[in-house]
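Engineer:
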Amino acid sequence: MYYSSSYGNYYRPKARHHFEDVKNDMEDDDGEKKQMGEISLPDIPLTEERLKFVPIRLSAKERAVLALVNSSLHVSEYTDNVDIWTHTSTKIDRIHEELNDFFRIFSGLCCAADFTQGEKLIMSRSFKDNARVFASACEIGRRNKIMNPEKMRSTYGKLMWLLQDASRPRIKEMIGFDCKIDIVTVASYLEDKKISDLLQDPNLEIATKQIVGQLTTEELNEMTNQKKNAIQSLTNKYANEHVQPDDILRVISSIDDYKSFLVSNRLPVEIMIRYLTKYFDQNDSQPPSLAITAGTSTACFSHSHKEQFVFVLQSLILWREIMGEMFRLWFLADQDLLSSDNQYRLSDTGQGMNRLQSCPHVGRAMSQILSKVQSTVGSWVGLSVVHLGDRDVPNALVFIDKYTQVTRILTPIINTIEGIDRICENQHIKSMVDEKFDGPEKLKRRILRDFFRHGFDGSGDDGGSCIDGRLTSAWNWCSRIEKKAYYDIFLLTGFTGF
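This is how it looks when you write it as structure tokens:
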């Protein structure tokens with residue numbers, strides 16, 4: 001794989017400098033080309049502000065509750081019965097009825113899982129008496145999704161729509177409590193335990209350092225021992241009668257999860273940037289060129305080689321910075337979705353019935369990220385419009401879901417490029433590659449050229465040159481992978497799907 005031991009912001013004052021630095025980083029001190037798996041990213045420092053957006057890892061007890069929440073959401077038909085055209089007064093009653101139905105399902109499953117604890121829920125005649133239990137269970141689901149975006153794919157949306165409706169002032173009055181509580185983060189957890197000083201301890205950086213990359217056995221053992229010693233030092237220093245060693249380990253594991261997320265989500269984008277600058281020259285339009293023409297294949301606009309090179313590069317840089325801020329964007333999306341002052345309206349967006357809702361917090365954050373990237377790359381190619389709260393991106397949940405796909409799009413392509421040399425060790429495959437694609441290097445260039453051209457050709461719903469349209473174009477390219485002449489190569493390298 002292509003994991004690295006460091007990661008972080010990669011800003012440069014001018015676009016020209018950024019291009020040169022990327023190319024220089026592809027070579028080691030002897031001028032030899034680095035393998036993609038050896039690429040690393042600069043570190044992102046652990047700050048208290050950043051840790052306000054890092055969820056605390058679920059405990060064993062919370063994982064049991066999560067299973068019950070998931071099961072309850074699977075059984076519930078909330079969105080099927082609520083998100084339909086109906087009179088407003090009827091919908092309020094329907095929401096109230098469906099919320100009570102969800103609470104009843106959850107209470108029943110709790111009782112089945114643990115009769116002693118579940119009995120307390122079902123013995124009460126009012127859901128209000130168990131408000132904390134229901135709110136905490138929903139918080140666990142929200143927290144788990146942020147840490148594990150690939151989980152709860154069929155239930156998270158239902159959970160958020162349920163909570164979104166439960167946040168309405170009239171609904172809160174009807175059920176008698178607020179289902180929404182703040183997500184527990186590393187910073188809030190440490191503050192609650194009164195051990196916030198742990199964040200300034202130098203051993204925390206050592207204890208959460210990622211052990212990845214190509215290491216010798218001696219290096220691996222040394223780093224492992226350093227981590228163990230740092231963890232032991234932190235538990236000995238901060239554990240007391242109120243704070244158990246397991247609490248300290250939970251904090252360290254949560255930060256470790258956060259760093260792992262950054263590595264696994266930012267690094268694929270960085271590798272793709274390196275591929276772009278390795279196999280193509282911004283100022284050399286000789287074949288193979290990245291130029292595209294509107295009306296040819298799936299292209300919706302025309303770009304010269306240089307324009308397309310810059311368009312792809314700035315899109316990838318933007319994706320990389322969004323990946324670095326993904327946890328913060330999750331929290332801001334949560335705020336936008338569950339704000340009682342930010343109501344939605346049901347609308348047919350051309351992609352079915354969707355909840356149209358403004359996204360002020362996410363919008364401001366995206367404007368900041370975009371401005372930072374624009375100041376880095378210099379001249380901007382294409383639109384800089386961020387669609388939020390409209391037919392293209394109806395709400396913050398759709399926005400978040402779109403950008404969790406970045407890694408799922410890029411990783412299979414990178415694995416295929418890196419796997420070509422491996423499969424060519426088989427002489428029969430090597431002969432086929434030589435005959436059909438003129439060798440492994442030209443095959444790699446062909447795959448990347450096709451992706452850089454038609455994965456960024458404006459084939460999104462609205463023309464594709466806007467911020468979210470670039471991602472839509474890349475996903476459209478993925479949907480046509482079976483029709484590519486090199487699809488067999490993907491399969492031979494272990495590709496199973498995006």
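In this note's numbering, the protein residues as written are 1 to 498.
Yeah, the Cβ is synthetic: ideal placement off N, Cα and C, and Gly gets one too.
So which of Asn265, Gly324, Cys466, Asp197 has the shortest CA-CA distance to valine 393?
Structural biologist: Position 393 of the sequence shown holds residue 393. Taking only the C-alpha atoms, the option nearest valine 393 is Cys466.
Engineer: So the candidates are Asn148, Arg132, Ser72; which of them puts its Cα closest to the Cα of isoleucine 56?
Structural biologist: The sequence position of residue 56 within the sequence shown is 56, counting from 1. The shortest C-alpha separation from isoleucine 56 is found at Asn148.
Engineer: Is the number of C-beta pairs between the segment 246-254 and the segment 184-194 that are closer than 8 Å three or more?
Structural biologist: yes
Engineer: Does the Cβ of isoleucine 95 have 16 or more other Cβ atoms within 10 Å, making it buried, or fewer, making it exposed?
Structural biologist: Stepping through the sequence shown from its first residue, residue 95 is reached at position 95. Looking at its Cβ environment, which holds 16 or more other Cβ atoms inside 10 Å, isoleucine 95 is buried.
Engineer: Measure the C-alpha to C-alpha separation of tryptophan 475 and isoleucine 92 and round it to an integer number of angstroms.
Structural biologist: As a working mapping, residue 475 is identified with position 475 in the sequence shown. As a working mapping, residue 92 is identified with position 92 in the sequence shown. Whole-angstrom Cα-Cα distance: 37 Å.
Engineer: Is the distance from the Cβ of leucine 276 to the Cβ of leucine 316 below 8 Å?
Structural biologist: On the sequence shown, position 276 is the one that residue 276 refers to. On the sequence shown, position 316 is the one that residue 316 refers to. Contact flag set, yes.
Engineer: How would you write the range of the beta strand (DSSP E) that leucine 215 sits in, first residue to last?
Structural biologist: Numbered from 1 along the sequence shown, position 215 holds the residue referred to as residue 215. Counting along the chain, leucine 215 falls outside any beta strand (DSSP E), and DSSP gives it neither H nor E.
Engineer: Pick helix, strand or coil for histidine 454, following the three-state DSSP scheme.
Structural biologist: Mapped onto the sequence shown, residue 454 falls at position 454. The answer is helix: DSSP assigns histidine 454 an H, G or I state.
Engineer: Considering only residues of the segment 159-188, which uninterrupted alpha helix (DSSP H) runs meet the minimum length of 4 residues and lie entirely inside it, listed in chain order?
Structural biologist: 169-175
Engineer: Evaluate the contact criterion for the segment 412-429 versus the segment 483-494: three or more CB pairs, one atom per stretch, below 8 Å.
Structural biologist: Yes, the segment 412-429 touches the segment 483-494.
Engineer: On the criterion of 16 or more Cβ atoms from any shown chain inside 10 Å, does tyrosine 258 qualify as buried, or is it exposed?
Structural biologist: Position 258 of the sequence shown holds residue 258. Classification for tyrosine 258: buried.
Engineer: When the Cα atoms are used, what is the spatial distance from histidine 387 to proline 245?
Structural biologist: Position 387 of the sequence shown, counted from the first residue, corresponds to residue 387. Position 245 of the sequence shown, counted from the first residue, corresponds to residue 245. So the alpha carbons of these two residues sit roughly 46 Å apart.
Engineer: CB threonine 407 to CB asparagine 265, shorter than 8 Å?
Structural biologist: For the purposes of this step, residue 407 is taken as residue 407 along the sequence shown, with counting starting at 1. For the purposes of this step, residue 265 is taken as residue 265 along the sequence shown, with counting starting at 1. In this structure, the beta-carbon distance from threonine 407 to asparagine 265 falls below 8 Å.
Engineer: Could you tell me whether the Cβ atoms of cysteine 179 and leucine 159 are closer together than 8 Å?
Structural biologist: As a first step, residue 179 is located in the sequence shown; it is residue number 179 there, counting from the start. As a first step, residue 159 is located in the sequence shown; it is residue number 159 there, counting from the start. The answer is no: Cβ separation not under 8 Å.
Engineer: Can you tell me the Cα-Cα spacing of glutamate 98 and leucine 383, whole angstroms?
Structural biologist: The count along the sequence shown starts at 1 and reaches residue 98 at position 98. The count along the sequence shown starts at 1 and reaches residue 383 at position 383. So the two alpha carbons sit approximately 42 Å from each other.
Engineer: Does DSSP put arginine 57 in a helix, a strand or coil?
Structural biologist: The count along the sequence shown starts at 1 and reaches residue 57 at position 57. Correct three-state label for arginine 57: coil.
Engineer: Thinking C-beta only, is methionine 326 closer than 8 Å to tyrosine 403?
Structural biologist: The residue given as residue 403 occupies position 403 in the sequence shown. The residue given as residue 326 occupies position 326 in the sequence shown. Cβ distance < 8 Å, so tyrosine 403 and methionine 326 count as in contact.
Engineer: Is the segment 436-445 close to the segment 351-366, with three or more CB pairs under 8 Å?
Structural biologist: no
Engineer: DSSP three-state call for methionine 353: helix, strand or coil?
Structural biologist: Mapped onto the sequence shown, residue 353 falls at position 353. DSSP places methionine 353 in strand when its eight states are reduced to three.
Engineer: I need the DSSP call for leucine 448, collapsed to helix, strand or coil.
Structural biologist: Start at 1 with the first residue of the sequence shown, and residue 448 comes out as number 448. Residue state, collapsed to three classes: helix.
Engineer: Just mark tryptophan 477 as buried or exposed, buried being the case when its beta carbon has 16 or more other beta carbons within 10 Å.
Structural biologist: For the purposes of this step, residue 477 is identified with residue 477 of the sequence shown, where counting begins at 1. By the 10 Å Cβ count, tryptophan 477 comes out buried.
Engineer: Return the CA-CA distance between tyrosine 156 and aspartate 438, expressed in angstroms with no decimal places.
Structural biologist: Counting from one through the sequence shown, the residue named residue 156 turns up at place 156. Counting from one through the sequence shown, the residue named residue 438 turns up at place 438. Taking the straight line joining both Cα atoms gives about 47 Å.
Engineer: Give the C-beta separation of aspartate 334 and arginine 142 to the nearest angstrom, bearing in mind that I take them to be a contact with Cβ-Cβ under 8 Å.
Structural biologist: Here residue 334 is taken as the residue at index 334 of the sequence shown, counted from 1. Here residue 142 is taken as the residue at index 142 of the sequence shown, counted from 1. Yes, aspartate 334 and arginine 142 are in contact; Cβ-Cβ is about 6 Å, under 8 Å.
Engineer: How many angstroms separate the CA atom of phenylalanine 19 from the CA atom of valine 377?
Structural biologist: Taking the sequence shown and counting its residues from 1, the one referred to as residue 19 is at position 19. Taking the sequence shown and counting its residues from 1, the one referred to as residue 377 is at position 377. Note that phenylalanine 19 has pLDDT 39, beneath the 50 cutoff, so the model's placement of it is unreliable and no number is given.
Engineer: From which residue to which residue does the beta strand (DSSP E) around arginine 153 run?
Structural biologist: Here residue 153 refers to the residue found at position 153 of the sequence shown. Neither: arginine 153 is in no beta strand (DSSP E) and is coded neither H nor E.
Engineer: If tyrosine 279 and leucine 448 are in contact, beta carbons under 8 Å, what's the gap, nearest whole angstrom?
Structural biologist: Locating residue 279 in the sequence shown gives position 279, counting from the first residue. Locating residue 448 in the sequence shown gives position 448, counting from the first residue. So it is a contact: roughly 6 Å between Cβ atoms.
Engineer: Can you name, in chain order, every residue of its own chain whose Cβ lies under 8 Å from the Cβ of serine 72, other than the five neighbours on each side?
Structural biologist: For the purposes of this step, residue 72 is identified with residue 72 of the sequence shown, where counting begins at 1. Closer than 8 Å at Cβ, skipping near neighbours: Phe102, Ile105, Phe106, Leu109.
Engineer: Does asparagine 395 pass the burial test, meaning 16 or more other C-beta atoms within 10 Å, or should it be called exposed?
Structural biologist: Position 395 of the sequence shown, counted from the first residue, corresponds to residue 395. Buried: at least 16 other Cβ atoms inside 10 Å.
Engineer: Here's the rule I'm using: 16 or more other beta-carbon atoms within 10 Å means buried, otherwise exposed. How should isoleucine 84 be labelled?
Structural biologist: As a working mapping, residue 84 is identified with position 84 in the sequence shown. By the 10 Å Cβ count, isoleucine 84 comes out exposed.
Engineer: Note down the Cα distance separating glutamine 351 from isoleucine 322, rounded to an integer number of angstroms.
Structural biologist: Numbered from its first residue, the sequence shown carries residue 351 at position 351. Numbered from its first residue, the sequence shown carries residue 322 at position 322. Each residue's Cα considered, the two are about 25 Å apart.
Engineer: Could you give the residue range of the alpha helix (DSSP H) that holds aspartate 348?
Structural biologist: As a working note, residue 348 is residue 348 in the sequence shown. In the DSSP assignment, aspartate 348 falls outside any alpha helix (DSSP H) and lies within the beta strand (DSSP E) extending over 345-348.
Engineer: Quick check on glutamine 368: buried or exposed, where buried means 16 or more other Cβ atoms within 10 Å of its Cβ?
Structural biologist: Locating residue 368 in the sequence shown gives position 368, counting from the first residue. The residue in question, glutamine 368, is exposed, as its Cβ has fewer than 16 Cβ neighbours within 10 Å.
Engineer: Is the beta carbon of leucine 204 sitting closer than 8 Å to the one on leucine 234?
Structural biologist: Here residue 204 is taken as the residue at index 204 of the sequence shown, counted from 1. Here residue 234 is taken as the residue at index 234 of the sequence shown, counted from 1. Cβ distance < 8 Å, so leucine 204 and leucine 234 count as in contact.
Engineer: Count the other CB atoms within 10 Å of the CB of glycine 295; is the residue buried (16 or more) or exposed (fewer)?
Structural biologist: By one-based count along the sequence shown, residue 295 stands at place 295. By the 16-neighbour rule on beta-carbons within 10 angstroms, glycine 295 is exposed.
Engineer: Under 8 Å by Cβ, that's how I've got methionine 272 and leucine 410 pegged, so tell me the actual separation to the nearest angstrom.
Structural biologist: The sequence position of residue 272 within the sequence shown is 272, counting from 1. The sequence position of residue 410 within the sequence shown is 410, counting from 1. Contact holds; Cβ gap of about 5 Å.
Engineer: Report the option in Thr90, Met123, Asp450 whose CA atom is closest to the CA atom of threonine 500.
Structural biologist: Limits of the chain in this structure are 1 at one end and 498 at the other, which puts residue 500 out of reach.
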